[in-house]
Amino acid sequence: MLTTDDKKLIQQVWERVLHHQEDFGTEALERMFITYPQTKTYFPHFDLHHGSDQIRGHGKKVVSALGNAVKSLDNLSQVLSELSSLHAYNLRVDPPHFALQLLSQCFQVVLAVHLGNDYTPEVHAAFDKFLSAVAAVLAEKYR
Amino acid sequence: PWTQRFFSSFGNLASTSAVIGNPMVHAHGKKVLTSFGDAVKNLDNIKKCFAQLSKLHCEKLHVDPENFRLLGDILIVVLAAHFGKDFTPACQSAWQKMVHVVAHALAHEYR
Chain L
1 MLTTDDKKLI
11 QQVWERVLHH
21 QEDFGTEALE
31 RMFITYPQTK
41 TYFPHFDLHH
51 GSDQIRGHGK
61 KVVSALGNAV
71 KSLDNLSQVL
81 SELSSLHAYN
91 LRVDPPHFAL
101 QLLSQCFQVV
111 LAVHLGNDYT
121 PEVHAAFDKF
131 LSAVAAVLAE
141 KYR
Chain F
1 PWTQRFFSSF
11 GNLASTSAVI
21 GNPMVHAHGK
31 KVLTSFGDAV
41 KNLDNIKKCF
51 AQLSKLHCEK
61 LHVDPENFRL
71 LGDILIVVLA
81 AHFGKDFTPA
91 CQSAWQKMVH
101 VVAHALAHEY
111 R
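From first to last, the protein sequence lines stand for chains L and F.
Reminder that position 93 of the first sequence reads as 93 in full-length UniProt numbering, one-by-one numbering, no gaps.
Reminder that position 1 of the second sequence reads as 1 in full-length UniProt numbering, one-by-one numbering, no gaps.
Okay, structure coming up:
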């Protein structure tokens with residue numbers, strides 16, 4: 001469960017993410033495709049080369065959605081409701097928790113790379129909890 | 001925090017500052033990374049390299065192998081924070097495979 005301190009840390013760090021939304025999103029996706037090639041199976045319709053416009057566009061979309069979640073940390077279910085339906089009925093990213101976990105790990109690596117020492121154990125824990133919570137909401141409607 | 005169940009003899013782990021300042025944590029961190037170093041020196045033979053440690057983690061320490069995966073992922077984040085941009089996607093990819101192989105080797109002797 002996200003504590004008050006967790007929420008504060010997440011929102012503080014997110015101020016820094018705001019200026020790099022597209023870059024961070026793109027990098028997280030690229031890292032995921034390189035480190036976990038099985039995730040590419042969900043994007044057969046994308047050009048997955050480095051620098052692809054589609055990856056950039058999608059990276060921006062993902063981080064923007066996370067940004068909305070950060071603004072509504074007390075109400076993730078509601079704020080992510082449409083995305084939850086999308087992932088359950090259309091995208092069917094399978095297994096629901098596992099693949100999203102891989103993106104979560106890559107996003108945390110991106111934050112660590114860019115924040116260095118500022119990615120403290122407390123910040124790390126807060127983000128791990130947050131991204132797990134997001135993944136859980138996205139998987140809510142699977143069955 | 002549930003991973004603390006294996007470290008009841010380590011004393012105070014109640015807060016982040018307690019953990020970071022705990023000398024037993026420091027000593028253990030060094031031990032774990034030294035073992036990783038051994039694996040790096042024996043990349044063609046990691047299972048053999050960790051056979052004894054695997055038995056230890058199963059028979060004496062009773063550690064669920066899922067914890068090896070957790071620690072591996074955390075080590076990756078630590079590397080990323082320290083190496084910054086040098087921790088390229090290719091680097092991450094190689095290291096994720098590495099921690100996966102180490103975790104697998106540590107679980108290998110479980111019966």
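C-beta: ideal position from N, C-alpha, C; glycine also.
| Check | Outcome |
| --- | --- |
| Which residue's Cα is closest to the Cα of L/His114: L/Tyr89, L/His20, L/Asn90? | L/His20 |
| Which residue wins for smallest C-alpha separation from F/Thr3, given the options F/Arg111, F/Gln96, F/Ser93, F/Leu71? | F/Leu71 |
| Does the pairing of the stretch 121-130 of chain L with the stretch 2-9 of chain L give three or more beta-carbon distances under 8 Å? | yes |
| Could you name the residues of the stretch 59-92 of chain L whose beta carbon sits closer than 7 Å to any beta carbon of chain F, in the order they occur along the chain? | none |
| Please list the partners that L/Gly116 has in chain F, where partner means a Cβ-to-Cβ separation under 7 Å. | Ala81, Gly84 |
| Relative to the alpha-carbon of F/Cys5, which residue among F/Asp73, F/Lys48, F/Ala81, F/Val63 has its alpha-carbon at the smallest distance? | Here residue 5 of chain F is Arg; the residue named in the question, Cys, does not match the sequence. Of the listed residues, the one whose Cα sits closest to F/Arg5 is F/Val63. |
| Can you give me, in chain order, the residues of the stretch 57-81 of chain F that have a beta carbon less than 9 Å from any beta carbon in chain L? | Asp73, Ile74, Ile76, Val77, Val78, Leu79, Ala80, Ala81 |
| Hey, how far is the Cα of residue 140 of chain F from the Cα of L/Phe46? | Outside the displayed range of chain F (1 to 111) lies residue 140 of chain F, so it cannot be described from this structure. |
| So what does DSSP say about F/Asp64, is it helix, strand or coil? | coil |
| Please go through the same chain and pick out, in chain order, the residues whose beta-carbon is closer than 6 Å to the beta-carbon of F/Phe50, but skip the five residues on each side of it. | Ala105, Leu106 |
| Nearest CA to the CA of F/Ala40: which residue from F/Tyr110, F/Arg111, F/Trp95? | Here residue 40 of chain F is Val; the residue named in the question, Ala, does not match the sequence. Nearest C-alpha to F/Val40: F/Trp95. |
| Given a limit of 8 Å on CB to CB distance, which residues of the stretch 45-58 of chain L reach chain F? | none |
| Given a cut-off of 9 Å on the beta-carbon distance, is the pair L/Leu111 and L/Leu138 in contact? | no |
| Does the contact criterion of 3 or more C-beta pairs under 8 Å hold for the stretch 19-29 of chain F versus the stretch 78-89 of chain F? | no |
| Compare the C-beta of L/Gln108 against all C-beta atoms of chain F and say whether one is closer than 9 Å. | yes |
| Of the residues that make up the stretch 124-138 of chain L, which ones have a beta carbon closer than 7 Å to any beta carbon in chain F? | His124 |
| Round the Cβ separation of L/Val13 and L/Val123 to the nearest angstrom and send it over; I've been treating them as touching at under 8 Å. | 6 Å |
| Output needed for F/Ile46: all residues of its chain with C-beta closer than 8 Å, excluding positions within five of it in sequence on either side, in chain order. | Ala39, Val101, Val102, Ala105 |
| Shorter than 9 Å from the beta carbon of L/Arg16 to some beta carbon of chain F? | no |
| Which residues in chain L sit within 8 Å of F/Ala90, going by Cβ to Cβ distance? | Ile34 |
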